[in-house]
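Participant: Letter by letter, the sequence shown follows residues 1 to 179 in the UniProt record's numbering.
Using N, Cα and C, we set each Cβ at its ideal position, and we do this for glycine too.
No experiment lies behind these values; they were computed from the predicted model shown.
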Amino acid sequence: MPEPAATTPLPAVQPGAWVLDPARTRVRLQHKTMWGMVTVKGGFTSVDGEGEVLPDGSASGTLTIDAASVDTGHAKRDAHLRSADFFDTDRHATLVFTAHRATPDPRGAVEIAGELTVRGTTRPLAFTATAPGATADGVTLTAELSVDPADFGLTWNKLGMMKGQTAITVEAHFIRGRG
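1) Whole beta strand (DSSP E) runs in the stretch 94 to 173 with 3 or more residues, listed along the chain?
2) Measuring only the C-alpha atoms, how far is D90 from G73?
3) For a test of the three-state rule: what should DSSP assign to H92, helix, strand or coil?
4) Taking 8 Å as the cut-off, does the stretch 78 to 92 touch the stretch 102 to 110 (at least 3 CB pairs, one atom from each stretch)?
5) So, for S69: in the same chain, excluding its five sequence neighbours on each side, which residues have a beta-carbon less than 7 Å away from its beta-carbon?
6) Would you report the Cα separation of T169 and P149, rounded to the nearest angstrom?
7) Nearest to residue 221 by alpha carbon, out of T33, A113, T166?
8) If you count every other CB in all the chains shown that lies within 10 Å of the CB of L154, and 16 or more means buried, which is it?
9) From L145, E144, T140, T166, pick the residue whose C-alpha is nearest to that of G51; which is it?
10) Taking the beta strand (DSSP E) that L20 falls in, what are its first and last residues?
11) Whose C-alpha, out of H100, D151, S146, L145, is nearest the C-alpha of T121?
12) Distance, Cα to Cα, A99 vs A126?
13) By DSSP's criteria, H31 is part of a beta bridge. Which residues make up the other side?
14) By DSSP, does A84 sit in helix, in strand, or in coil?
15) With DSSP as the reference, identify every bridge partner of R26, one or two as the case may be.
16) In terms of alpha-carbon separation, which member of A79, A136, A143, D105 lies closest to G16?
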């Protein structure tokens, strides 16, 4: 994974409750198919989440994605992705990342360790995010990571068309909790 871009430390991110701003959050994915000749791109249109920043500056929280909100711009493909061949949204409505610990480093990057649950299968997941432009009222965490669909039981692969990792890009904007 490439070294995260240098950013400034996160002094504005104060302890307390933070909630995800779905209107300013993006979860995108891309995966090569057709034996590597075509890259399918898409994302999820419904995302929710929350977190807590502790006095030591570390944080924890969740990002919950409505699996049925997958959108690749192709209705028939999206219906197939919702089917039991892939996300099985009738039985597994959400994809959930639980960050057990998010720790900022002096460069402004954030080391995140947690678990991703897809189709009822939970696997550890750790990655580095950047936080460009944290303020007293909001912070955006941006990360690029790869996930192997087979680790989560997503093994449909007609004629060997699909191989390898799915690239995921997350831009999660959190605002100070109210109330």
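Facilitator: Looking at the atomic coordinates:
1) Runs found: 94 to 104, 109 to 118, 121 to 130, 138 to 147.
2) For D90 and G73, the distance between alpha carbons rounds to 21 Å.
3) In the structure shown, H92 adopts coil according to DSSP, grouped into three states.
4) Too few Cβ pairs lie closer than 8 Å, so no.
5) Contacts found: F44, T45, S46.
6) In a straight line, the C-alpha of T169 is about 15 Å away from that of P149.
7) Residue 221 cannot be examined here, being either before or after the span of the chain that is shown, 1 to 179.
8) With 16 or more other Cβ atoms within 10 Å, it is buried.
9) Nearest of L145, E144, T140, T166 to G51, Cα basis: T140.
10) Counting along the chain, L20 sits inside the beta strand (DSSP E) bounded by residues 16 to 20.
11) The residue with the shortest Cα to Cα distance from T121 is D151.
12) Those two C-alpha atoms are separated by around 9 Å.
13) Per the DSSP secondary-structure output, H31 pairs in a beta bridge with V40.
14) Coil at A84, not helix or strand.
15) Partner(s): E171.
16) For G16, the closest of A79, A136, A143, D105 by C-alpha to C-alpha distance is A136.
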